[in-house]
Amino acid sequence: MSLSGLGDTGKAEPPPALFPAPESDAPVPARRRGGAPRNGPPPAQDDEAGRQLVFFGAEAAEPTVADLAGLLAGPGEVVRMGGTARLSVQVDAAWRVHVLVAELAARGLAASWEPTEGERHAVRTSYTRVLKPLAAAWLHGQALRPPATFHLTGRRLRLWLAAAGTPEPPDAYLLRLGANDQECWEPIGVALAAAGLAGTLLSPNEGGPAYRITGRRRLARLAELVGEPPRAAPPEAWPT
Numbered sequence: 085m086s087l088s089g090l091g092d093t094g095k096a097e098p099p100p101a102l103f104p105a106p107e108s109d110a111p112v113p114a115r116r117r118g119g120a121p122r123n124g125p126p127p128a129q130d131d132e133a134g135r136q137l138v139f140f141g142a143e144a145a146e147p148t149v150a151d152l153a154g155l156l157a158g159p160g161e162v163v164r165m166g167g168t169a170r171l172s173v174q175v176d177a178a179w180r181v182h183v184l185v186a187e188l189a190a191r192g193l194a195a196s197w198e199p200t201e202g203e204r205h206a207v208r209t210s211y212t213r214v215l216k217p218l219a220a221a222w223l224h225g226q227a228l229r230p231p232a233t234f235h236l237t238g239r240r241l242r243l244w245l246a247a248a249g250t251p252e253p254p255d256a257y258l259l260r261l262g263a264n265d266q267e268c269w270e271p272i273g274v275a276l277a278a279a280g281l282a283g284t285l286l287s288p289n290e291g292g293p294a295y296r297i298t299g300r301r302r303l304a305r306l307a308e309l310v311g312e313p314p315r316a317a318p319p320e321a322w323p324t
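Given below as structure tokens:
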């Protein structure tokens, strides 16, 4: 089963029909460079500084393959075959399939999907040389581990949220991790803190593995970094 990234499948089987197929949701180039304001009223000011263009926000740079490190920070997996690699991720909702396929298409990567157990869906790329550097940076034998230079940008966080972000009302948001990637959990927490999103690590026994981001200021920071919600995402699923 393959998706074009444009909300349809041509002659292929239709995407998971848990909602009407959205319009194209491929990211568009940034339109607010140089600190240009958003449309509408200016955002509120906080105690420390006014809300400004976030230089590492999702809208501050063009999409690149390196952004896919955000999927590996969450439950994404990458495997190598010869001089190629393939990235895959299992998600729990159909809207995530649409968003991720569009994000992959925006980076020149065709993606396919298939239903899996427990009403989940697997999204994966083809094997391609384009993903070889990502695999080389993250794979140590068969184990997944972030490179020493790993950091979280807005676009990486946006992909992580699209794959495995879950709101936890009234004032928390969960960023789910790979269940078998324990070596990743601590360095990813360090990267979150460096991005102004210090969170609490939840163990599998506590409903994780996941990082819980709490507090209005951190949630506002998260919303600022990841940008506007994708068209396919339910309004309540995205931080605002």
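First residue of the sequence shown? That's 85 in the working numbering, and the numbers climb one at a time after it. Note that CB positions come from ideal geometry on N, CA and C, so glycine has one too.
Please go through the same chain and pick out, in chain order, the residues whose beta-carbon is closer than 7 Å to the beta-carbon of residue i, but skip the five residues on each side of it.
| i | result |
| --- | --- |
| Thr200 | Gln174 and Ala206 |
| Arg180 | Ala246 and Ala247 |
| Glu312 | none |
| Arg213 | Gly167 and Thr168 |
Can you look up residue i in the DSSP assignment and give me helix, strand or coil?
| i | result |
| --- | --- |
| Ile297 | strand |
| Glu282 | Reading the sequence as shown, one finds Ala at residue 282 and not Glu. Coil, per DSSP. |
| Glu312 | coil |
For residue i, collect the residues of the same chain with a Cβ closer than 6 Å to its Cβ; drop the 5 residues on either side in sequence, then sort them by chain order.
| i | result |
| --- | --- |
| Gly280 | Arg305 |
| Ala256 | Arg296 and Thr298 |
| His235 | Ala275 |
| Ala317 | Trp179 |
Who does residue i pair with in a DSSP beta bridge?
| i | result |
| --- | --- |
| Trp269 | Paired residue(s): none; Trp269 is not in a bridge. |
| Ala206 | Gln174 and Glu198 |
| Tyr211 | Beta-bridge pairing links Tyr211 to no other residue. |
| Thr148 | Answer is none; Thr148 lacks a bridge partner. |
Do residue j and residue i have their beta-carbon atoms positioned less than 9 Å apart in this structure?
| i | j | result |
| --- | --- | --- |
| Ala294 | Leu259 | yes |
| Gly249 | Trp322 | yes |
| Glu187 | Pro147 | yes |
| Leu171 | Arg208 | yes |
| Ala177 | Val185 | no |
| Ala157 | Leu261 | yes |
| Pro251 | Glu320 | yes |
| Ala219 | Val310 | no |
| Ala263 | Gly273 | no |
Looking only at its own chain, which residues have a Cβ that is under 8 Å from the Cβ of residue i, when we skip the five neighbours before and after it?
| i | result |
| --- | --- |
| Val183 | Asp109, Ala246, Pro314, Ala316 and Ala317 |
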